[in-house]
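Right, one structure below, let's go through it.
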Amino acid sequence: AWGMDESPTGECSVGPTNNRSLLVNGSDLTLPAVPFNGCLPVVKFSINLQDQIISPEGVYIMGDFQQAAGFSQNWDPGITQLQDLNADKTYELSINIPEGNYEYLFVNGRDSLNAEILPLNCYGNYNREINVVMGNNSSLTHCFNTCEECDPYLTTNFDTHWWNNTIFYELFVRSFYDSDEDGIGDLQGLIEKLDYLNDGDPTTTNDLGITGIWLMPIMESPSYHGYNATDYYTIEPDYGNMQDFEEFLQEAHSRGIKVIIDLVLNHTSSQHPWFLQSSNSQNNFRDWYIWSDNNPGITGPWGQNVWHYNQGNYYYGLFWSGMPDLNFEHQEVKQEMKNVANFWLNKGVDGFRLDAIKYLVENGSNLENTTANFSLIEELNEVYKYTSPESFTIGEAWSNTNSIIPYVKSGRLDACFDFDLASDIINAVNSASSLSLTAQIQTIVESYPALQYGTFLTNHDMDRVYNQLGYNNEKMKLAASIYLTLPGIPFIYYGEEIGMYGSGAHENIRRPMQWSSSLNAGFSNSTPWRTVGNNYTTNNVEIMNDDDGSLINHYKKIIQIRNDQSSLRRGNILILENDNQEILSFVRTFRNKADLVNCNLSSNSFSPIISLLKSSIPKGNYYLSDLYNNKELGMIAINTQGGFENINLFPSGLGPMESRIILLSPYPSNNTSSENDIIISPNPASSSFTVFLEGEPFQKALVTVLSSDGKIILEKE
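When the count follows our numbering, it moves up by one through the sequence shown with no breaks and lands on 702 for the last residue.
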């Protein structure tokens, strides 16, 4: 009867419905019996093939566990396939197996002749062994053909890019600052406020310290939000003109701020000249959009009407009638949108945030994630990289993590936003439990190419995080500490740092920035396009800047720490073991340094006992420094496994909703030596600049300065 059905635990179920799930790879299965409301043991197999040529048939595992798991026979080399989701040459498979002792081998291909050959001294025989018990079981990640451990998460041998060193600020020009007193924010207003975001001087602490800006749509549009353009080559007149934008770009770049812009490829405005000509079958524009003689009767992913009547026919528009979808199967459309991308890259933008990237190409009733969609994204990416090899693309594929992964593989996008992580951070802070967040962090590490995903709390389409956290400043500080110290590419939504309100209608989530407690929150001397939030008299930049304990000053501290610490920008992540699920503990490692992050999610004080079983940190004695409070904490010994056991870093207690970032370094924090890097600020520079040498102690450095056309203009030891 309904209500008496089972609800198995998360070990063997998926989603909020707690349904059991099964992955079928083309082989018949006879499933073993499972306990009602319970799980069979989960076994995670993992093998690293970093020095092998991978068979085009894939990587498999065979053993005497296969029949127990439901497969037709044991030692079958071609029915149990592993996957490498994050392209690190580590292939993995999680499978339910009854308790027992099993033997197995990995196979590079689908033939037993391609099975690995192990040294006899590995297990006492020629097969790998595992003892499966109730719960989660994970075999060590070994190198293929050896018993040597090859865990990819213990190294930093992966590519990073300029965006991995960047903290972005999502900004709505209409709501940032009004310079011409018409009640609408504009580009000149943004230029006036750039020093608030980053003044270009790394020695000052008054600015927020962000190093990248994502501009929500700036192209001409009939809508306040701009997500349906009428001209892809023109600045929205409310914001200024192209000269204003070029000036903004120059000013941002002179401060070392990268700029990416929203690019809406999926659809235009129904008022776009292309659509007007298409609806009237003029000038060969008919096929620029998707038309049908009859209403196909297909509804969209959330049940919405997607076919809209026009002059006796129907056109396809996924989001609403005012946003008709472009037809990317028409070559002229594809070429024109390539031209649009090149236009803005040649203007000097550093990349794009790509809107609604799941929906570009449909296949009948399949409206998202089609094969043709992936092919188009790959083709467009080739254009971006050819025009500007260092350009950055991050996509909005609003879905669960597993559905997002294909968008960051095979030369498609550089990164995507991870929405599951955002919600798990907020839920962890609200529930005072680290369990689901820790599991999601592990899923991300195993799924994405290292560090290549966007982290955030909320964006312009979601109730503001201040609302979701119950208007609680301490919860806000905690959430900020978490996502700004995790791997990935962080994005701050404007006003988040001062606790702006916003829920319900999107206009409420995109209200004017609150600069002061004066009329209209200091945004404009005229009536704003949207009324300001009702907490502007207390939550504004001017007042909060003067309070050392305010939310905005917390953001400044965490941002500065991330900007200063290579391990927080480019390091790997390992979850620290602790004795309390109300404590989130992890370590970010890079070369011979690490940052230990501990966050108390509860309203109680704790002194957690933490352990790090193994890492890439070399053995030795290390100094401990509390980066947030600028205190030295003594020393710690790292063992031969790169770890430590049962350490109490906080004998006086980790306070309620408190986060602490502890630097572990082979030298005191007052020693300026760091990793071997040369940092120029601002970068790129037009006139004067400062060169910072970060590196392990060295006797001499050769500095070569190049002009933009590659000429050496200075070389000095």
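Glycine is no exception: its CB is placed at the ideal position from the N, C-alpha and C atoms. Given the structure is predicted, the values throughout are model-derived calculations rather than measurements.
query, result
"Option nearest Lys460 by Cα separation, candidates Thr189, Asn415, Asp163", "Asn415"
"Cα-Cα separation between Tyr438 and Leu553, rounded to whole angstroms", "14 Å"
"Element boundaries [alpha helix (DSSP H), containing Pro258]", "258 to 264"
"Phe143, DSSP secondary structure in three states", "coil"
"Exposed unless 16 or more other CB atoms sit within 10 angstroms - verdict on Met447", "buried"
"Buried versus exposed call for Thr215 [16 or more other C-beta atoms within 10 Å across all chains shown]", "buried"
"Bridge partner(s) assigned by DSSP for Asp216", "Glu205"
"C-beta atoms of Leu250 and Leu303 nearer than 8 Å", "no"
"Close beta carbons around Asp69, own chain, < 7 Å, minus the five adjacent residues each side", "Thr75, Tyr76"
"Any 3 or more C-beta pairs closer than 8 Å across the segment 117 to 125 and the segment 168 to 177", "no"
"Through-space distance from Val346 to Pro104, alpha-carbon basis", "51 Å"
"Continuous alpha helix (DSSP H) stretch holding Lys578: start and end", "Note, Lys578: premise wrong, no alpha helix (DSSP H); beta strand (DSSP E) at 578 to 585."
"Among Leu361, Asp405, Asn327, nearest to Lys370 - alpha-carbon criterion", "Asn327"
"Where Ser503 falls: helix, strand or coil (DSSP)", "coil"
"Classification of Tyr607 by the beta-carbon crowding that lies within 10 angstroms, buried from 16 upward", "buried"
"Endpoints, the alpha helix (DSSP H) within which Ser462 is located", "Correcting the residue identity first, residue 462 is Lys in this sequence and not Ser. Taken as a continuous stretch (DSSP letters only), the alpha helix (DSSP H) holding Lys462 covers 458 to 468."
"Per-residue DSSP class, three states only, for Pro641", "coil"
"Three-state secondary structure assigned by DSSP to Thr440", "strand"
"Nearest to Cys401 (by Cα), restricted to the options Asn358, Tyr433, Gly507", "Tyr433"
"Sheet register partners of Gly85 (DSSP bridge)", "Val117"
"Residues near Gly307 by beta carbon distance below 7 Å, same chain, minus five either side", "Asn213, Ser254, Ser255"
"Separation of Pro641 from Asn86, as counted between CA atoms", "45 Å"
"At least three beta-carbon pairs within less than 8 Å, the segment 283 to 300 to the segment 99 to 117", "no"
"Three-state secondary structure (DSSP) of Thr714", "Absent from the model: residue 714. The displayed extent of the chain is -14 to 702, so no value can be given."
"Under the three-state DSSP convention, the category His252 falls into", "strand"
"Cβ-based neighbour list, Gln35, same chain, cut-off 6 Å, excluding 5 preceding and 5 following", "Lys74"
"6 Å Cβ shell around Lys29 - same chain, five flanking residues per side excluded", "Ser79, Ser123"
"Lys370 (DSSP reduced to helix, strand or coil)", "helix"
"Euclidean distance between Cα positions of Met47 and Val117", "16 Å"
"Where the alpha helix (DSSP H) containing Leu182 begins and where it ends", "179 to 182"
"Identified DSSP bridge partners for Gly288", "Gly288 is not bridged to any residue."
"Assigned exposure category for Leu182 - 16 Cβ within 10 Å defines buried", "buried"
"For Ile32, the nearest candidate out of Glu101, Gly55, Ser(-8) (CA to CA)", "Glu101"
"Three-state class that DSSP yields for Val9 in the structure shown", "coil"
"Per-residue DSSP class, three states only, for Asn71", "coil"
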